[in-house]
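When we follow my numbering, the leftmost residue of the sequence shown carries the number 2, and every step to the right adds one.
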Amino acid sequence: MRDRKLITAALPYANGPVHIGHLAGVYIPADVYARFQRRLGKDVAFICGSDEHGIPITIRAKKEGVTPQDIVDKYHEIIKKSFTDLGISFDEYSRTTSKKHYEVSQDFFRTLYNKDKFIEEVSEQYFDEQANEFLADRYIVGTCPNCSNENAYGDQCEKCGSTLSPSELINPKSMLSGNIPVLKETKNWYLPLNEYETFLNEWIIEGHKNDWKPNVYGQVKSWLNDGLKPRAMTRDLNWGVPVPLPNAEGKVLYVWFDAPIGYISFTQEWAEKNGKDWNDYWQSENSDLVHFIGKDNIVFHCIIFPAMMKAHGDYIMPTNVPAFEFLNLENDKISTSRNWAVWAHEYVEEFPGQQDVLRYALLSSAPETKDNNFTWKDFQTKNNSELVGIFGNFINRVAVLIHKYYDGIVPEGNVNAPELAEITKAATEVENFLENYEFRNALSAMMNLARFGNQYLQTEEPWKTIKVNPEKAANSLFVAAQIAVGLAQISEPFMPFSSEKLLKMFNVSQLNWKEIADEKILIKTGHQINPAELLFSKIEDETIEFQIQKLENTKQSNKKTNPKANPMKDEIQFDDFTKIDLRTATILTAEKVEKADKLLKFTVDTGVDVRTVVSGIAESFTPEECIGKQVMILLNLAPRKIRGIESQGMLLLTTKPDGKLSFVTPDEKVENGVEIG
2 MRDRKLITAA LPYANGPVHI GHLAGVYIPA DVYARFQRRL GKDVAFICGS DEHGIPITIR
62 AKKEGVTPQD IVDKYHEIIK KSFTDLGISF DEYSRTTSKK HYEVSQDFFR TLYNKDKFIE
122 EVSEQYFDEQ ANEFLADRYI VGTCPNCSNE NAYGDQCEKC GSTLSPSELI NPKSMLSGNI
182 PVLKETKNWY LPLNEYETFL NEWIIEGHKN DWKPNVYGQV KSWLNDGLKP RAMTRDLNWG
242 VPVPLPNAEG KVLYVWFDAP IGYISFTQEW AEKNGKDWND YWQSENSDLV HFIGKDNIVF
302 HCIIFPAMMK AHGDYIMPTN VPAFEFLNLE NDKISTSRNW AVWAHEYVEE FPGQQDVLRY
362 ALLSSAPETK DNNFTWKDFQ TKNNSELVGI FGNFINRVAV LIHKYYDGIV PEGNVNAPEL
422 AEITKAATEV ENFLENYEFR NALSAMMNLA RFGNQYLQTE EPWKTIKVNP EKAANSLFVA
482 AQIAVGLAQI SEPFMPFSSE KLLKMFNVSQ LNWKEIADEK ILIKTGHQIN PAELLFSKIE
542 DETIEFQIQK LENTKQSNKK TNPKANPMKD EIQFDDFTKI DLRTATILTA EKVEKADKLL
602 KFTVDTGVDV RTVVSGIAES FTPEECIGKQ VMILLNLAPR KIRGIESQGM LLLTTKPDGK
662 LSFVTPDEKV ENGVEIG
């Protein structure tokens with residue numbers, strides 16, 4: 002095995018927060034693996050950063066009416082803090098708008114250009130004449146040719162998962178204007194992926210048929226069987242890394258060209274800060290490169306990026322790409338656009354001090370080989386039954402009993418007790434599973450040690466034997482203390498916050514993995530431990546119901562035809578409605594109310610009488626605009642005084658998208674006093 006581990010995690014788009022799908026499918030497994038490799042004594046560089054040049058960034062910026070830089074600055078900080086709060090132990094978390102990244106990705110492009118690795122091609126691309134710009138693939142929507150989804154993007158159909166090109170869409174339209182785009186000539190630089198088919202077949206299809214995950218291997222094999230085509234490595238955009246060539250104004254590097262180079266530029270940033278040589282990690286055969294990604298990124302990390310690195314010539318290839326499938330939420334696909342997600346930053350706020358509960362729950366449901374599902378009820382069960390009922394219960398019993406009977410000092414016991422072999426067994430199983438990227442099995446092996454500890458205490462019953470056989474009771478708690486410290490050590494990659502608490506509770510230091518597996522005695526007789534501390538607490542039904550209701554509110558909100566509409570008011574009965582007297586009326590006079598910027602005073606002909614009404618609409622209308630307008634009035638509203646003026650009724654208005662008010666009026670002029678209902 003190589004001594005150096007370069008571990009990368011897919012760069013999250015800085016156009017929104019991180020959700021549990023991202024955590025379960027990439028970041029928590031990657032963190033477990035990185036922490037474990039450090040415990041093995043490996044030289045680890047765990048690298049990630051925000052992808053700030055993707056089309057989703059510009060789409061979000063247009064929606065919010067701000068610049069792309071505003072968007073990435075906001076979400077980079079939110080994402081970075083979420084990772085820190087959840088214990089994701091990146092050695093470097095950077096961003097693709099950094100100066101170093103621009104330099105490294107432009108230099109990479111120039112190297113390929115100078116080696117004649119690109120094809121320079123003039124082609125017809127979709128152009129929005131109204132917006133006066135070429136359309137990136139994500140700015141084109143149309144009907145998917147494979148599943149007939151009418152909202153497929155120019156690069157992918159999110160319904161069936163097909164990878165597309167804009168020319169394949171049926172009835173394409175521009176997302177910028179809604180118009181049908183035209184084809185216009187433009188020049189771009191293409192990487193001829195077809196020239197790397199032999200290399201990719203030899204390296205992956207032959208070289209990794211026995212050690213790569215079937216979902217990764219199968220997808221790559223399918224792509225290669227279909228035959229690869231040249232792919233543009235530049236785009237006509239104004240947001241991204243500029244193409245470093247003369248006469249390339251208005252062109253940037255394709256986001257999937259510059260984003261994976263971020264792994265390299267971020268490693269360089271980290272190396273400079275820590276006195277390391279980045280070449281040792283990217284250009285040495287003594288390094289293992291492992292990419293943690295979701296299944297939607299397989300083609301980029303297993304075909305396009307390796308082809309780029311092969312074309313460059315100086316870089317190692319990944320040893321493994323353990324891509325995960327997708328995590329669903331309450332039996333529905335997680336969707337950022339529909340707000341159907343559990344957001345990492347909200348979880349940290351709403352479940353303070355319970356980061357490890359989420360880590361544990363997501364690892365136990367990790368979508369390793371197929372899509373999996375997260376439910377709040379299952380989350381509650383995993384916490385209450387497993388973390389509280391098994392893991393926490395065992396630890397608490399051991400610490401409490403040692404304090405109760407031995408004043409917190411580990412008693413004497415049999416250093417050759419057969420039960421101690423369970424610690425070595427658990428450490429060995431966890432190691433084997435993690436080396437093969439089997440995170441759920443590794444977590445189960447750790448939890449099985451806690452189960453064994455509980456069963457052992459239940460069988461030994463030291464609280465009973467202390468009275469009749471104190472030597473046996475002492476041995477029982479000596480063995481139990483070894484298991485507890487074994488759990489403190491083995492749980493660290495999975496639950497780092499709880500592991501830290503456990504190490505402090507038992508007053509021990511962190512060991513490397515070999516010491517855990519080889520040493521029978523992890524805490525010696527006579528060692529003083531600290532008082533028991535609650536590791537996990539029961540999560541009540543009310544807490545879970547609150548989270549379920551949040552999702553239900555989201556579901557109802559998604560049904561709105563107008564997302565900005567306020568929620569429905571409390572339900573009324575039919576008899577309540579019949580009490581309302583709505584009439585047509587005409588405004589006769591209008592004037593401003595003194596010392597009140599928002600108020601207008603009206604005299605209104607209701608057909609029943611002429612009365613005074615005061616309304617806070619002066620920011621939307623001048624008095625002159627209102628005179629003579631036929632309106633609708635709530636006639637039988639009890640009078641009330643506003644600024645000393647008795648107002649006798651309420652005019653009906655609604656709010657327009659720009660925030661201005663608009664009168665609710667009849668389509669045609671009718672007599673005043675006509676009832677509405």
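From the three backbone atoms N, C-alpha and C, an ideal C-beta is built for every residue, glycine too. Note that the structure is predicted; figures quoted are calculated from it, not measured.
- Cβ-Cβ distances below 8 Å link leucine 364 to Ala25, Ile29, Pro30, Val33, Phe440, Arg441, Leu444 and Phe495 in the same chain, with the five nearest sequence neighbours on each side left out; the list follows chain order.
- For aspartate 289, the pairing in a beta bridge is given by DSSP as Lys6.
- Sorting Ser616, Thr607 and Ile262 by C-alpha distance to the C-alpha of glutamate 592 places Ser616 at the top.
- Straight through space, the alpha carbons of lysine 160 and glutamate 151 are spaced by roughly 10 Å.
- With a beta-carbon spacing of about 6 Å, proline 182 and phenylalanine 128 fall inside the 8 Å limit used to define contacts.
- Residue nearest to valine 675 within the set Thr604, Val609, Thr585 and Gly629 is Thr585 (criterion: CA-CA distance).
- Going by beta carbons, serine 223 and valine 105 fall outside the 8 Å limit.
- The residues Val217, Ile294, Lys296 and Ile299, in chain order, have a CB closer than 6 Å to that of alanine 324 in the same chain once the five nearest residues on each side in sequence are set aside.
- When secondary structure is reduced to three states using DSSP, threonine 604 falls in the strand class.
- Contact between the segment 57-70 and the segment 2-18 is present: 3 or more CB-CB pairs across the two stretches fall below 8 Å.
- Contact holds between the segment 460-476 and the segment 402-422, because three or more Cβ pairs, one in each stretch, are under 8 Å apart.
- Between lysine 82 and histidine 346, the C-beta spacing is below 8 Å.
- Burial check for valine 401: the Cβ neighbour count within 10 Å stays below 16, so the residue is exposed.
- Around the beta carbon of lysine 214, a 10 Å sphere encloses 16 or more other beta carbons of the protein chains shown; the residue is thus reported as buried.
- The DSSP-derived three-state label of valine 614 is strand.
- Annotated as proximal: glutamate 53 and threonine 98, with beta-carbon spacing under 8 Å.
- At least 8 Å separates the beta-carbon of valine 614 from that of leucine 654.
- Per DSSP, the unbroken beta strand (DSSP E) holding tyrosine 94 starts and ends at 93-96.
- Look at glutamine 649 here: in three-state DSSP terms it is coil, with no helix or strand label.
- Distance from the CA atom of glycine 251 to the CA atom of proline 624, rounded to whole angstroms, is 50 Å.
- One Cα belongs to lysine 505, the other to isoleucine 524, and the distance between them is close to 13 Å.
- Scanning Gln511, Arg139, Phe380 and Gln483 for the CA closest to the CA of proline 57 turns up Arg139.
- Counting other Cβ atoms within 10 Å of its Cβ, serine 175 reaches 16 or more and is therefore classed as buried.
- With the rule of 3 Cβ pairs closer than 8 Å, the segment 304-312 does not count as touching the segment 328-347.
- Counting the other CB atoms within 10 Å of its CB gives serine 366 a total of 16 or more, which places it among the buried residues.
- Annotation for serine 500: the continuous alpha helix (DSSP H) segment containing it runs 497-506.
- Assignment of beta-bridge partners to serine 51 by DSSP yields Arg96.
- Residue pairing for methionine 234: DSSP places it in no beta bridge.
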